[in-house]
Amino acid sequence: MSSNKPNLKLAAKTKLLNGGPLPTVIAGPCSAESEEQMLQTAREIRKDKRVTVFRAGIWKPRTRPGMFEGIGTVGLEWLKTVKQETGLLTAVEVANTQHVEEALKHGVDILWIGARTTVNPFSVQEVADALRGVDIPVMVKNPVNPDIQLWVGALERLNLAGITDLGLIHRGFSTPNNKPYRNHPKWETIQEIRSLVPEVPLFCDPSHIAGRRDLLQPVSQQALHLGVDGLMIETHINPAVALSDASQQVTPEGLDNLLTSLDLEPERVAVAEQLQEFRNLIDKLDNELINILFLRSDISKRIGEYKKASALDIYQAGRWVEVLQNRLKVATDTGLDETFVRAIFDAIHRHSIGIQNEVMSSAPAATSVMEK
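Heads up: the sequence shown begins at 27 in the numbering used here, then just goes up one per residue.
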C-alpha cells in the first residue's frame, strides 16, 4: 500500500458518535465474567447519561496460555440482556469468522478489531470477509507495534468488504520503554492517523495506555486535548476481583468521577494541540540527540582501544582545548549561550574519558593455544 491517503467510501452518518458536543463514551468490563457482574456493572453505568455504549470482552486473546481467555459465546447472551434492560448499545471484540457470526447472531451493535489482530492482515481479511454485506460499525485498534500503514490497511480491507461505518481506537504501543504506561501513547500518532483519514472517528482507550487507574485521568485528558471523538474506558462493578486487567479498570462511580473531572473547553483543546505539536518535536529531537550521544560514546570506546594498543595516554590536553574552543565558537555563531554549551561538552568529555579509562584498565583478551 502506498503512503497516500486511502480512498475510503464512508457512510454519510456514523453510528459511532452521539451527535452532541461531548465525546462518545464506551464503558464496560474488560471481560464478561458472569451475568450478575455484567448486569450490575451495566445498571450502574446506565445512570451516567454520558455513556452510550457498553463494551465487554467475550473472547480474550492472552499473551500466554493458562490465563483467563474469556467466557465465550454464553457472554453474548448476558450482553443481549444488558441491551434489553438498559438500552445501551453493545460492543465486542472479534478476531475470526466464528466471533463475527456469533456476535451478529446475538444482535451486537458495534464490533472492534483488537491490536493483536490488526497486526495480522490475514486475520483482518478473514473478519472483513465474514462481514461482507453486513451493515454494522467496526472499529480498529492500532496494531501493537507503531505501524500507521498497517492500521490504515485494516480500514481499507474492511472498506473493500463493504463496511462504511468505520472507527479507530488509539490504545498505545508496545515499545522498549513504556514507563510509566502499560503501552506508550506516542501521541504524535494521533496527528499522523488524522492526516491520513481525517473523516474516520478516532477514539482513545486510556485503560490500555495507562494500565493503572491513577493514570486514567491524565491520559484521557491528553487524548481529549488532541481532539479524539470518544473514549473507551474499562469499568467493572468490583475491579479487585476482575479476572483480567484488574489494575486498569474503574468502578462505575470511579468512571463518573473521571468523566466529571475532564476539561472539554474547545479553546483549551486548541491550545493543547499546539503545545503537543511542540512537545512532539522536542521528543523527536531528544531521540536524535540520544542516538548521536550513543554513536559518540562508541567512537570514544574505539579511541580508547586504539590508545591502549598504541600505548598512548588517555588525556591529551592540547586536543581537548582545540575541541572545546571550536565547539564554543560554533555555539556563539549559532546564538547559543556559551556557558550552557561549555557545561554540556565538559560532561561529554568526562564521559568520554571514563569510557576510555574503562577500556585501558580492562584485562587483555585471553590468548588461545593456537595463537601461542
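Where is the CB? At the ideal position from N, CA and C, for every residue including glycine. Keep in mind the model is a prediction, meaning the values are calculated, not measured.
May I ask which residues mark the beginning and end of the alpha helix (DSSP H) holding residue i?
i: L242; result: L242 to H251
i: T201; result: From DSSP, T201 is part of no alpha helix (DSSP H); its letter is neither H nor E.
i: L176; result: I174 to L186
i: I381; result: E364 to S387
i: E111; result: V100 to T112
i: R22; result: Absent from the structure is residue 22, since the part of the chain shown begins at 27 and ends at 398.
i: S13; result: The structure shown does not extend to residue 13, since the chain is modelled only from 27 to 398, so the question has no answer here.
i: D359; result: A343 to T360
What's the C-alpha gap between residue i and residue j?
i: G253; j: A335; result: 59 Å
i: D339; j: G330; result: 9 Å
i: K167; j: I139; result: 6 Å
i: L281; j: R238; result: 14 Å
i: G188; j: L130; result: 16 Å
i: I62; j: E95; result: Sequence inspection shows Glu at residue 62; the Ile mentioned does not correspond to that position. Each residue's alpha carbon lies about 19 Å from the other.
i: G54; j: E279; result: 12 Å
i: S200; j: N209; result: 5 Å
i: T358; j: I370; result: 14 Å
i: V407; j: I174; result: Past the edges of the chain, shown from 27 to 398, lies residue 407, and the structure says nothing about it.
i: S28; j: G344; result: At S28 the pLDDT is 42, less than 50, meaning the model places this residue with poor confidence and gives no usable figure here.
i: E111; j: L137; result: 20 Å
i: L102; j: K212; result: 34 Å
i: K39; j: W177; result: 22 Å
i: F320; j: R328; result: 13 Å
i: L36; j: N185; result: 8 Å
i: E314; j: L114; result: 47 Å
i: G45; j: K75; result: 14 Å
i: F148; j: G179; result: 11 Å
i: R322; j: R305; result: 25 Å
i: V79; j: T365; result: 57 Å
i: V245; j: N122; result: 31 Å
i: W346; j: N383; result: 16 Å
i: P265; j: V77; result: 19 Å
i: V120; j: L288; result: 30 Å
i: N204; j: A82; result: 26 Å
i: I318; j: E225; result: 39 Å
i: P202; j: T116; result: 35 Å
i: I84; j: D271; result: 14 Å
i: H373; j: D363; result: The question names His, but residue 373 is Ala in the sequence shown. Those two C-alpha atoms are separated by around 16 Å.
i: E303; j: T107; result: 45 Å
Would you please state the rounded distance, in angstroms, between the beta carbons of residue i and residue j? I believe it to be under 8 Å.
i: Q66; j: I259; result: That belief does not hold up - the Cβ atoms of Q66 and I259 are roughly 17 Å apart, past 8 Å.
i: T286; j: V276; result: Actually they are not in contact, since the Cβ atoms of T286 and V276 sit about 13 Å apart, beyond 8 Å.
i: G256; j: V51; result: 6 Å
i: M165; j: L105; result: Not a contact, Cβ separation roughly 16 Å.
i: H196; j: T215; result: 7 Å
i: Y207; j: A236; result: 6 Å
i: L181; j: F229; result: Their Cβ separation, rounded to whole angstroms, is 14 Å, which puts L181 and F229 out of contact at 8 Å.
i: P227; j: L350; result: Wrong, their Cβ atoms sit about 55 Å apart, outside the cutoff.
i: V126; j: A156; result: 4 Å
i: T99; j: E128; result: 5 Å
i: L284; j: Q243; result: 6 Å
i: E223; j: P49; result: Residue identity differs from the one stated: residue 223 is Val in this sequence, not Glu. The Cβ separation is near 18 Å, so there is no contact.
i: R183; j: A141; result: About 16 Å separates the two Cβ atoms, so there is no contact after all.
Let me check one thing: in DSSP terms, what residues is residue i bridge-paired to?
i: G83; result: S57
i: W138; result: E119 and M165
i: V77; result: V51
i: G193; result: M165
i: M258; result: I52
i: H132; result: According to DSSP, which records beta bridges pairwise, H132 is partnered with nothing at all.
i: V150; result: Per DSSP, none; premise fails for V150.
i: H125; result: The partner list for H125 (beta bridge, DSSP) is empty, contrary to what the question assumes.
Taking 7 Å as the cut-off, is the beta-carbon of residue i closer than that to any non-hydrogen atom of the ligand SAH?
i: T67; result: The ligand SAH is not part of this structure, which contains no ligands at all.
Considering just the uninterrupted stretch of the beta strand (DSSP E) at residue i, what are its terminal residues?
i: E225; result: Note, E225: premise wrong, no beta strand (DSSP E); not H, not E.
Using the beta-carbon count (16 or more within 10 Å), is residue i buried or exposed?
i: G159; result: exposed
i: K86; result: buried
i: D191; result: buried
i: I71; result: buried
i: V118; result: buried
i: M396; result: Residue placement at M396 is poorly supported in this model, since its pLDDT is 36, which falls under 50; the coordinates are not used for a value here.
i: I381; result: buried
i: L311; result: exposed
i: T144; result: buried
i: E152; result: buried
i: R376; result: exposed
i: P232; result: buried
i: T360; result: exposed
i: A68; result: buried
i: L269; result: buried
i: S378; result: buried
i: P91; result: exposed
i: A326; result: A quick correction: the sequence has Ser, not Ala, at residue 326. The residue in question, S326, is buried, as its Cβ has 16 or more Cβ neighbours within 10 Å.
i: I219; result: buried
i: V356; result: exposed
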